[in-house]
């Protein structure tokens, strides 16, 4: 017997903002409600719910998945929360996929929520608790300097300049100016703005980094026979992949994300993709930092190692280019409520492939897109390939 | 798509009230090696995906899934974490295999409760931060409220709950894995200190440390790996209201719904007829009685009398918690459901030693996520 086909049939998202007035439950419910409305469904149609949210420390609630359950629409339904750190946003639709592909369910709602502003004064402090309590935590590491190490390694290995990398931030933030939910869209930003922004931990500067944000996204997944009844334009999940590398991130060569490569190969195999650079029409790589988008494009086999900046300088990555990258505006532009940001990429592909992305619409009726997220200790890659 | 899925290997380490000489990674490694030897598989070459269950605040680490791959042999493989009970983890592995994408998947859960200095404060941090946390409610206090309501509505007596304690802790005496075996009378249980009326200290499972790993496989692979595959007939899970203000305090509706889902998959209409042995949540003694009613083994208000009459003792019609349950083996946090499942697997394989029950073919394991949740899972297994 072949694999059951699973489609995305609806999507909704809240605005991404720095400090939401809503509680985490309310954010979840707003996104869920919009996703249901988008495909004219109600909670009665939903058989199970999958939730993604990053560390419990942000909401400051133990068993946070349980707390969020009714907000996410899971009251008296089968409900589970999955978890791969920052990769969660693109993992949670994979969780929804296996719920349906297993044959146990036909319609599943996938919700991703993050409210980072509850962590006062700044969510960065929550990240102190992600490090090994014996070998690393005593050094009081900050995520920014961990990223600085990786960015430096990437730049040094391939001879990439700060200006090469700043193009990414410029393009994503400009793209985000067309996204109604974005936090940092800016149509006029330039490379100089990025290079002149405050240095946080060399070579990371303020505008190289995505903003701390609050927000939620939800999508509805359905089995083939249901999807075709609900919509003329189902967007199929053609391939999924995820890989988690060792916790000992200090033993890895940070220049290349092998875990992303493995996750991508798993997804390409499932989707029957042999030549990703020709067969992927839109890419939404994970871009919490501008260099990460480049790093991930290489891991995804969409660029040669050290050559990803060329996609930006030769126009390939622009919204009208041959392979638009982050037409949504990405995390750098739309915002980075961690798990919700990953699922935003899935929602973006859904809208783009249906031709419903408004001002952000990529021309030429794209047929296939890829979304990817990354997380943990430079450690996990999650990949979803969607197609019409 | 793979229709049928079996558990082909199990391994554990523990269970004890403290384990100062071993880290959680070392405990998990030990359990994993045992499970992989039991299944005859190599984690690096044979196991295609791994599922772990954990909660950040129990581990004292944010994004705890970071620390799961190495000790289970999962580095650079498809690994993910479910913030649920071990039976949620088994359900996840079951779904992964059924998609047809994977043939062999491992599940891991553990407890290092002895590492948590302020466990009551941590569990209380699961309450609604706006509505409940300002009241400083201890988790046992909430359980006491629920127990009181359950006794009141179902007509169950406190003695009935005490009978659960005497049975389970006595059963634990013949379980070499159980640290809390004891020969207590109902009077001994009732004469203990009261934590939150009517809930007494001796009706609460103490915590223990331990780790459990299981290996699941598709039908074809399972049959090639072992002569004793334990088949998953059904699995269900459900969340009732997480809010204290609008839930049914007397019934375990999450368990009723999870059981319905599992029974439907297994084609079971009369659970008492179909099921030979059960391991259910007894992190508080009254929860076992509430669960037996929710699972449809008897009508509301009957579980207590049945327990006192010995209906759920090891040599009776429906042996329940022959392992000693959580009262006997300890509360293992996210690994509770795996501990319940572990016993069912040993029983169905005929490897339960002194606790072995004769003629067991179908078994049920059930779990609850603890105060203040209203969520749990049910697993039905057959040999």
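Protein chains in written order, with our numbering: chain G, 4 to 391; chain H, 797 to 1179.
Where is the CB? At the ideal position from N, CA and C, for every residue including glycine.
Cα-Cα separation, residue i to residue j
i: residue 896 of chain H; j: residue 107 of chain G; result: 13 Å
i: residue 909 of chain H; j: residue 329 of chain G; result: 44 Å
i: residue 1043 of chain H; j: residue 1050 of chain H; result: 11 Å
i: residue 21 of chain G; j: residue 113 of chain G; result: 23 Å
i: residue 911 of chain H; j: residue 975 of chain H; result: 17 Å
i: residue 837 of chain H; j: residue 1013 of chain H; result: 11 Å
i: residue 176 of chain G; j: residue 79 of chain G; result: 41 Å
i: residue 1116 of chain H; j: residue 278 of chain G; result: 56 Å
i: residue 93 of chain G; j: residue 348 of chain G; result: 8 Å
i: residue 357 of chain G; j: residue 288 of chain G; result: 20 Å
i: residue 212 of chain G; j: residue 312 of chain G; result: 17 Å
i: residue 814 of chain H; j: residue 64 of chain G; result: 26 Å
i: residue 216 of chain G; j: residue 117 of chain G; result: 8 Å
i: residue 303 of chain G; j: residue 342 of chain G; result: 20 Å
i: residue 1171 of chain H; j: residue 69 of chain G; result: 8 Å
i: residue 987 of chain H; j: residue 967 of chain H; result: 21 Å
i: residue 221 of chain G; j: residue 16 of chain G; result: 6 Å
i: residue 8 of chain G; j: residue 253 of chain G; result: 40 Å
i: residue 368 of chain G; j: residue 234 of chain G; result: 18 Å
i: residue 919 of chain H; j: residue 273 of chain G; result: 41 Å
i: residue 147 of chain G; j: residue 193 of chain G; result: 23 Å
i: residue 1122 of chain H; j: residue 232 of chain G; result: 47 Å
Cβ-based neighbour list, residue i, same chain, cut-off 6 Å, excluding 5 preceding and 5 following
i: residue 1131 of chain H; result: 882, 905, 906, 907, 1008
i: residue 821 of chain H; result: 867
i: residue 950 of chain H; result: 1096, 1097
i: residue 1223 of chain H; result: Look at the range of chain H in this structure, 797 to 1179, and you will see that residue 1223 of chain H is not part of it.
i: residue 1015 of chain H; result: 800
i: residue 270 of chain G; result: 242, 243, 244, 386, 388
i: residue 360 of chain G; result: 354
Selection from the options that minimises the alpha carbon distance to residue i
i: residue 1025 of chain H; options: H:851, H:797, H:1145; result: H:1145
i: residue 101 of chain G; options: G:371, G:288, G:226; result: G:226
i: residue 973 of chain H; options: H:1004, H:957, H:1094, H:913; result: H:1004
i: residue 155 of chain G; options: G:238, G:274, G:208; result: G:208
i: residue 887 of chain H; options: G:81, G:92, G:147; result: G:81
i: residue 1150 of chain H; options: H:970, H:817, H:903; result: H:970
i: residue 183 of chain G; options: G:24, G:333, G:275, G:215; result: G:333
i: residue 352 of chain G; options: G:338, G:339, G:293, G:386; result: G:386
i: residue 344 of chain G; options: G:363, G:229, G:19, G:128; result: G:19
i: residue 840 of chain H; options: H:831, H:846, H:869; result: H:869
i: residue 954 of chain H; options: H:1120, H:1142, H:1082; result: H:1082
i: residue 54 of chain G; options: G:369, G:99, G:14; result: G:99
i: residue 62 of chain G; options: G:42, G:41, G:31, G:134; result: G:31
i: residue 898 of chain H; options: H:846, H:942, H:917; result: H:846
i: residue 1020 of chain H; options: H:850, H:935, H:827, H:900; result: H:900
i: residue 994 of chain H; options: H:956, H:963, H:1011; result: H:956
i: residue 325 of chain G; options: G:370, G:376, G:218, G:56; result: G:370
i: residue 145 of chain G; options: G:159, G:128, G:161; result: G:128
8 Å Cβ shell around residue i - same chain, five flanking residues per side excluded
i: residue 132 of chain G; result: 58, 60, 140
i: residue 856 of chain H; result: 911, 912
i: residue 152 of chain G; result: 257
Neighbourhood of residue i by C-beta distance below 7 Å, restricted to the same chain and skipping five residues each side
i: residue 1055 of chain H; result: 1032, 1090, 1091, 1092, 1174
i: residue 923 of chain H; result: 929, 933, 1168
i: residue 1133 of chain H; result: 881, 882, 883, 1161, 1163, 1173
i: residue 366 of chain G; result: 323
Interface residues of chain G facing residue i [CB-CB closer than 8 Å]
i: residue 866 of chain H; result: 249, 250, 251
i: residue 851 of chain H; result: 59, 65, 66
i: residue 1033 of chain H; result: 81, 82, 83
Proximal residues of chain H, C-beta to C-beta of residue i below 7 Å
i: residue 245 of chain G; result: 874, 876
i: residue 34 of chain G; result: What residue 34 of chain G touches in chain H: nothing, since even the nearest Cβ is about 18 Å away.
Residue i: contacting residues in chain G (beta-carbon distance under 9 Å)
i: residue 1014 of chain H; result: Those do not exist, as residue 1014 of chain H stays about 12 Å from chain G at its closest Cβ, beyond 9 Å.
Chain-ordered chain G contacts of residue i [CB-CB under 7 Å]
i: residue 1039 of chain H; result: 73
Cβ pair count under 8 Å reaching 3, the segment 46-55 of chain G against the segment 986-999 of chain H: no
Sufficient close CB pairs (3 or more, under 8 Å) joining the segment 975-986 of chain H to the segment 1108-1115 of chain H: no
Given 8 Å, three or more beta-carbon pairs between the segment 239-252 of chain G and the segment 861-876 of chain H: Judged by Cβ distances under 8 Å, the segment 239-252 of chain G makes contact with the segment 861-876 of chain H, as three or more pairs qualify.
Cβ pair count under 8 Å reaching 3, the segment 256-266 of chain G against the segment 316-329 of chain G: no
Segment contact, 8 Å Cβ cut-off, at least three pairs: the segment 1081-1100 of chain H with the segment 1156-1173 of chain H: yes
Stretch pair the segment 1025-1034 of chain H + the segment 1052-1060 of chain H: three plus CB contacts closer than 8 Å: yes
Meets three-Cβ-pair contact criterion under 8 Å: the segment 1060-1079 of chain H and the segment 940-949 of chain H: no
contact_flag[the segment 314-323 of chain G, the segment 805-812 of chain H] where n(CB pairs < 8 Å) is 3 or more: Contact fails: fewer than three Cβ-Cβ distances are below 8 Å.
Cβ contact (3+ pairs, closer than 8 Å) linking the segment 1113-1127 of chain H and the segment 1073-1081 of chain H: With the cut-off at 8 Å, the segment 1113-1127 of chain H and the segment 1073-1081 of chain H touch.
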